[in-house]
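First to last, the sequence lines map onto chains D and C. Using the working numbering, the first residue of the first sequence is number 1108, and each one after it goes up by one. Using the working numbering, the first residue of the second sequence is number 761, and each one after it goes up by one. We put the beta carbon where it would ideally sit given N, CA and C, even for glycine.
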Amino acid sequence: MSRLWFFVALWLCMAASFLCLGRSKAAGTAAGAAGLEIQAPGPGEGFLRVPINANPPTLDPTFVVTVVADGIDRRIFNTLVRHSPDESGRSLAIKPDLAESFECSDGGRLYTFRLRPGVKFHTGREVVARDVKWSLERLIFPDGYERLFELDRILGAQEFREAARKWRASLPPGDSVYADWSAAGLGVEGIRAPDKRTVEIELREPFAPFLSLMALTPAAVLPKEEVLRRKSDFGRFPIGTGPFRVAAHEPNSHILLERFDGYFEGPARLKGIFYRVVKENSVALQEYRAGRFDLSPVPMGMLREIKSDPSLSGELSETSGLSTAYLGFNMESGPAAGNVHLRRAMAFAVDREYLCSAILDGAAVPAKGVLPPGIPAYDPELKGQRYDPDAARRELEAAGFPEGKGLPPLRLYYRADGEGRLVCHAIQMQLRRAGIAVDLRPLEWGTFLARTRRGECPIFRLAWVADYPHPHNFLHTLFHSLLAGETNRTRTRDPDIDRLADAALQETDPAKSAELYRAAERRVLELAPWVVLYHGKTNLLIKRYVRGIRGRVTPLDVDTVLPGVDFHKVEMSPDFACAVDR
Amino acid sequence: MWGYIARRLLQCVPVLIGVTMVSFAIVHALPGSPAEVLLGPRASAEQIEAAAEELGLNKPLPIQYLKYLGRLIRGDLGVSWSQKDLHVSKILIRDLGVSARLALGAMSFAMLLGIPLGILSARKPYGKLDNLAMGVSLIGVCTPAFWLAMLLVLIFGVWLRWLPISGYEPGSLAHLVLPSVTLGAISAAILARMTRASILDAMGEDYIRTARSRGLSEWRTLLAHAFPNAALPLITVIGSNLASLFTGAVLTETVFSLPGMGRELYEAIFNRDYNLMLGCIVVMAVIFVLANLAVDILYAFLDPRLRRR
Chain D
1108 MSRLWFFVAL
1118 WLCMAASFLC
1128 LGRSKAAGTA
1138 AGAAGLEIQA
1148 PGPGEGFLRV
1158 PINANPPTLD
1168 PTFVVTVVAD
1178 GIDRRIFNTL
1188 VRHSPDESGR
1198 SLAIKPDLAE
1208 SFECSDGGRL
1218 YTFRLRPGVK
1228 FHTGREVVAR
1238 DVKWSLERLI
1248 FPDGYERLFE
1258 LDRILGAQEF
1268 REAARKWRAS
1278 LPPGDSVYAD
1288 WSAAGLGVEG
1298 IRAPDKRTVE
1308 IELREPFAPF
1318 LSLMALTPAA
1328 VLPKEEVLRR
1338 KSDFGRFPIG
1348 TGPFRVAAHE
1358 PNSHILLERF
1368 DGYFEGPARL
1378 KGIFYRVVKE
1388 NSVALQEYRA
1398 GRFDLSPVPM
1408 GMLREIKSDP
1418 SLSGELSETS
1428 GLSTAYLGFN
1438 MESGPAAGNV
1448 HLRRAMAFAV
1458 DREYLCSAIL
1468 DGAAVPAKGV
1478 LPPGIPAYDP
1488 ELKGQRYDPD
1498 AARRELEAAG
1508 FPEGKGLPPL
1518 RLYYRADGEG
1528 RLVCHAIQMQ
1538 LRRAGIAVDL
1548 RPLEWGTFLA
1558 RTRRGECPIF
1568 RLAWVADYPH
1578 PHNFLHTLFH
1588 SLLAGETNRT
1598 RTRDPDIDRL
1608 ADAALQETDP
1618 AKSAELYRAA
1628 ERRVLELAPW
1638 VVLYHGKTNL
1648 LIKRYVRGIR
1658 GRVTPLDVDT
1668 VLPGVDFHKV
1678 EMSPDFACAV
1688 DR
Chain C
761 MWGYIARRLL
771 QCVPVLIGVT
781 MVSFAIVHAL
791 PGSPAEVLLG
801 PRASAEQIEA
811 AAEELGLNKP
821 LPIQYLKYLG
831 RLIRGDLGVS
841 WSQKDLHVSK
851 ILIRDLGVSA
861 RLALGAMSFA
871 MLLGIPLGIL
881 SARKPYGKLD
891 NLAMGVSLIG
901 VCTPAFWLAM
911 LLVLIFGVWL
921 RWLPISGYEP
931 GSLAHLVLPS
941 VTLGAISAAI
951 LARMTRASIL
961 DAMGEDYIRT
971 ARSRGLSEWR
981 TLLAHAFPNA
991 ALPLITVIGS
1001 NLASLFTGAV
1011 LTETVFSLPG
1021 MGRELYEAIF
1031 NRDYNLMLGC
1041 IVVMAVIFVL
1051 ANLAVDILYA
1061 FLDPRLRRR
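Okay, structure coming up:
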């Protein structure tokens, strides 16, 4: 009998520790450190509740790599300028943010920003021009995240990096990004702060998309003293100038932002924003249905069902994004490298309408060219790549493989998770119909990145999401021979594309520049290093009582975090309570 | 007894060193560089090279391993690369709390349901109750966790709205009910079948016949004589299952968005966060070793014959 009691005791111990562990405050948590007890805000408390599908590795804008971190940082920080929809609402324009005015002079080489007076960090200190200088230098500093590698175009940027690299060697490892190079007399010559409210940035040569770079999250203005004091904690509890500040942050669980009353445009209407990590989009949708989120992503393959559900269809928001999915060919080696007809045959053999409607359930629009709608220089009249089985047959014959005879199976690599699998299976069937046999090779993301960069994948499926709405970010970044093996993963080396992309960048007349980019795009399509597939859409469910998001989602907005939406103006409508009960 | 425990503890040391060695080799054999994943598709070859240098990945593997082992002995698991500069030990302490609660909740549920169900089944083998219980437990063993999770979410979260669907709040019990049931379902089924089989084995023994001949009631025979003798294998099942519930709840933690160890390891693998991966594996190995040790000690405690060996 004693063993029976032993089991009863064992069970009681387990159940008791299960209960007790929950009672103890989360030991060692960030929220615990900040002395905050977190409870998810309920409906009607003035907090917008948003699911995020990934844990942001850091909220330090200098190191932001993920979409989620980017979107959350947009609420906490400001940049000198920002992208906002223009009057037509169709494309994005550069609008003032921390800078009340800006001008470009010296033939496009000198940018002068005049800061708004009285802008304060969350700590209450006023923002001055020196903060802008230091924040931008931190991006150029060797440890900084160099998505903005184009900042090397700033006068003295490369010299600063070299000098900083040497200086850094004298510092304890890991501490360098939290060290003050300006105190050591280092700085970028081309970034100047002549007085408290003026910032001058001088470029080595004109660079048309420069203002777009200044609107990106990594270019956010940071308070130097807080970065240096908080060190890596700055990534969890960052201090900025934005309408919200971090009140609680539990990595892998949730982030609570609360309104910053000293925001320069006045306090936000929301009390705060509660982000919670929910890995599965289908779970986020169920939470949304149960009224625990005010926003939800649309899980893959669910769009049609949501559209036919009367309670949800009115809450759906569809926006086209600035991305292009494609099949890329390795232009240096592999069966398609020296055979333009084979590449064109494949471009003609893919039925993009079918991919978008049947496979992606309407969550994308078919692509004709490289540039997605919403990018200046996008050409709605472009004939581009299209589905044409007869043309595919002719091109295949010209390639030396009539009806596919003699063509060995081609290896198509793709990222195993996400929509790539479904899309590539459909493409495999479509190509088989044209006589082209394809072997599918799924790879996990890290492996995929490494192998495509090293040029080991003869054909691969990938998508490019614009960093900023400018054709340079497509036609130069993805096809210029200077970047072959880096962002130019197809390793395209074509003098015509290089010449056109370079000329477009030098051209100060926007219309002429757009024409040059269009010519570059036509050359890309003719050369066919890519089979363009589709442009993604951002599909979201937004509760009816949330005002200020619907209709304001911009093409830059991907995911539920909506970096392009101004959350300062978002509010819960007064009929919120009725809406919840319904 | 103490000598026995000390001996077993000493035996754990080579096991753990072996685990670090093998996992270090496997982690570094994974294709794709951490620097590559860390910097994303926009990074240049030069940046990736610089990052690899910074992370110490350019040194020979044995040197890297010895350095890691040196740090590990000092209790330093290193910093996470994917969670910018956060100490791995800090991350794991946080995750362990969640995983421990989940595992304990799941095992409490499994024991509460599985053992009584097994006893009831063994009371009248092949009777109606037995068939029903074994049928249910068969379904329990076969049900994929993901599917069961979605079913529970739909019923209790969306339709009835009794329980939260996902997420974790320190202090809230409600958030752990559905995950615990999901995770514990399979263990409950296994425990039920195991309990039934062990009791039925014991019921054929001579001492049961003796007990019956003394005129003891069937229940008393079952609980006081058959169950205690059938209980030892259950300890093994509970111990090893508890360890796997602790460390292997990736699916459950993902579906219910719980920040536990399983999900941490899963994400660390995708982010090629070597320190975090190794940290997770080492902690998991320690949990398994300790769970096995606890089972052995309990065995010794419950069965005096083992102590003397």
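Quiz item: What residues match up with residue 1357/D in a beta bridge as DSSP calls it?
Solution: Beta-bridge partners of residue 1357/D (DSSP): 1361/D.
Exercise. Measure the C-alpha to C-alpha separation of residue 1689/D and residue 937/C and round it to an integer number of angstroms.
Key: Confidence in residue 1689/D is poor, its pLDDT being 36 and thus under 50, which makes the residue's placement too unreliable to answer from.
Exercise. Within the same chain, show all residues whose beta-carbon is closer than 7 angstroms to that of residue 1644/D, passing over the 5 residues directly before and after it, in chain order.
Key: Excluding sequence neighbours, residue 1644/D sits near 1425, 1426, 1427, 1428, 1470, 1471, 1472.
Quiz item: Would you call the region 1282-1297 of chain D and the region 1328-1339 of chain D in contact, with 3 or more CB pairs under 8 angstroms?
Solution: With three or more CB-CB distances shorter than 8 angstroms, the region 1282-1297 of chain D counts as touching the region 1328-1339 of chain D.
Practice problem: Figure out for me which residue from 1507/D, 1458/D, 1526/D, 1474/D has the closest Cα to the Cα of residue 1496/D. | Solution: When 1507/D, 1458/D, 1526/D, 1474/D are compared, the shortest CA-CA separation from residue 1496/D is found for 1458/D.
Practice problem: Please classify residue 1227/D: does DSSP put it in a helix, a strand, or coil? | Solution: Three-state DSSP puts residue 1227/D in a strand.
Quiz item: Are the beta-carbon atoms belonging to residue 1642/D and residue 1454/D less than 8 angstroms from one another?
Solution: For residue 1642/D and residue 1454/D, no; Cβs fall outside 8 angstroms.
Quiz prompt | Where residue 989/C falls: helix, strand or coil (DSSP) | solution = Helix.
Self-check item: Residues near residue 1120/D in its chain [Cβ-Cβ closer than 7 angstroms; skip 5 each side]
Solution: Excluding the 5 residues flanking it on each side, residue 1120/D has no same chain C-beta neighbour closer than 7 angstroms.
Quiz item: Between residue 1055/C and residue 1393/D, is the Cβ-Cβ spacing less than 8 angstroms?
Solution: Between residue 1055/C and residue 1393/D, the CB-CB gap reaches or exceeds 8 angstroms.
Self-check item: Three-way DSSP call (helix, strand, coil) for residue 1688/D in this model
Solution: Because the pLDDT at residue 1688/D is just 38, under 50, the model does not fix this residue reliably, and the value given afterwards should be weighed accordingly. Note: residue 1688/D maps to helix in three-state DSSP.
Quiz item: Under a CB-based cut-off of 8 angstroms, is residue 843/C close to chain D?
Solution: Chain D contact via Cβ: present.
Exercise. Can you tell me the Cβ-Cβ gap for residue 1237/D and residue 1300/D, rounded? I've got them flagged as a contact below 8 angstroms.
Key: With a contact defined as Cβ atoms closer than 8 angstroms, residue 1237/D and residue 1300/D qualify at about 5 angstroms.
Quiz item: Just the Cα atoms here: how many angstroms apart are residue 916/C and residue 1202/D?
Solution: Each residue's alpha carbon lies about 48 angstroms from the other.
Quiz item: chain C beta carbons: is any one of them nearer than 8 angstroms to that of residue 1121/D?
Solution: With 8 angstroms as the cut-off, residue 1121/D counts as an interface residue toward chain C.
Quiz item: Looking at the C-beta of residue 1062/C, does it have a partner C-beta in chain D at a distance below 8 angstroms?
Solution: Put simply, the CB of residue 1062/C is near chain D, with a gap under 8 angstroms to one of its CB atoms.
Exercise. Please report the residue range of the alpha helix (DSSP H) in which residue 914/C lies.
Key: No alpha helix (DSSP H) contains residue 914/C, which DSSP labels as neither H nor E.
Quiz item: For the 8 angstroms Cβ check, are there 3 or more pairs between the region 1396-1408 of chain D and the region 1606-1626 of chain D?
Solution: Not touching, per the Cβ criterion.
Quiz item: Along chain C, in chain order, which residues have C-beta atoms closer than 7 angstroms to that of residue 1556/D?
Solution: By Cβ distance, chain C contributes 792, 796, 797, 801.
Self-check item: Cβ neighbours of residue 1144/D in the same chain (closer than 6 angstroms, five flanking residues each side left out)
Solution: Low per-residue confidence applies at residue 1144/D: pLDDT is 42, beneath 50, and the placement is therefore not dependable enough to give any value.
Exercise. Can you have a look at residue 1679/D and say buried or exposed, based on whether 16 or more other CB atoms are within 10 angstroms of its CB?
Key: So residue 1679/D counts as buried.
Practice problem: Could you tell me which of 1638/D, 1576/D, 1582/D, 1583/D sits nearest to residue 1661/D, measuring between CA atoms? | Solution: Of 1638/D, 1576/D, 1582/D, 1583/D, the residue nearest in Cα terms is 1576/D.
Self-check item: CB contact flag (residue 1246/D, residue 1223/D, <8 angstroms)
Solution: In this structure, residue 1246/D lies away from residue 1223/D, with their beta-carbon atoms at least 8 angstroms apart.
Self-check item: Rounded C-alpha distance that separates residue 1064/C from residue 999/C
Solution: Rounded to whole angstroms, residue 1064/C to residue 999/C spans 19 angstroms at the Cα level.
Quiz item: Do residue 1550/D and residue 1520/D have their C-beta atoms within less than 8 angstroms of each other?
Solution: With respect to residue 1520/D, residue 1550/D sits close: the two C-beta atoms are nearer than 8 angstroms.
Exercise. Assign residue 1137/D to buried or exposed, taking buried as 16 or more other Cβ atoms, counted over all protein chains shown, within 10 Å of its Cβ.
Key: Confidence at residue 1137/D is low in this model, with a pLDDT of 39, below 50, so its placement is unreliable and no value can be given for it.
Quiz item: What number of angstroms, rounded off, separates the C-alpha of residue 1490/D from the C-alpha of residue 1573/D?
Solution: Roughly 22 angstroms separates the two Cα atoms.
Quiz item: On the three-pair Cβ rule with 8 angstroms, is the region 939-947 of chain C touching the region 1003-1018 of chain C?
Solution: Taking one beta carbon from each stretch, the region 939-947 of chain C and the region 1003-1018 of chain C have 3 or more pairs nearer than 8 angstroms; the two touch.
Exercise. Using a Cβ cut-off of 9 angstroms, pull out every chain E residue sitting near residue 784/C, in sequence order please.
Key: In summary, chain E is missing from the structure at hand, where the protein chains are D and C.
Quiz item: Around the Cβ of residue 818/C, are there at least 16 other Cβ atoms within 10 angstroms (buried) or fewer (exposed)?
Solution: Burial check for residue 818/C: the Cβ neighbour count within 10 Å stays below 16, so the residue is exposed.
Quiz prompt | Close Cβ partners of residue 847/C (< 8 angstroms) along its chain, the five nearest in sequence each way excluded | solution = The answer, listed in chain order, is 837, 838, 839, 840.
Exercise. Would you mind stating whether residue 1381/D and residue 1228/D have Cβ atoms separated by less than 8 angstroms?
Key: Residue 1381/D places its beta carbon 8 angstroms or farther from that of residue 1228/D.
Quiz prompt | residue 1426/D (DSSP reduced to helix, strand or coil) | solution = Look at residue 1426/D here: in three-state DSSP terms it is strand.
Quiz item: Where residue 1566/D and residue 1437/D are concerned, what is the direct C-alpha to C-alpha distance, given to the nearest angstrom?
Solution: So the two alpha carbons sit approximately 6 angstroms from each other.
Quiz item: If you check the beta carbons only, do residue 1240/D and residue 1171/D fall under 8 angstroms apart?
Solution: Against a cut-off of 8 angstroms, the Cβ pair of residue 1171/D and residue 1240/D comes out as no contact.
Self-check item: chain D contacts made by the region 860-879 of chain C, where a contact means CB separation under 8 angstroms
Solution: Result list: 860, 861, 864, 865, 867, 868, 871, 872, 875.
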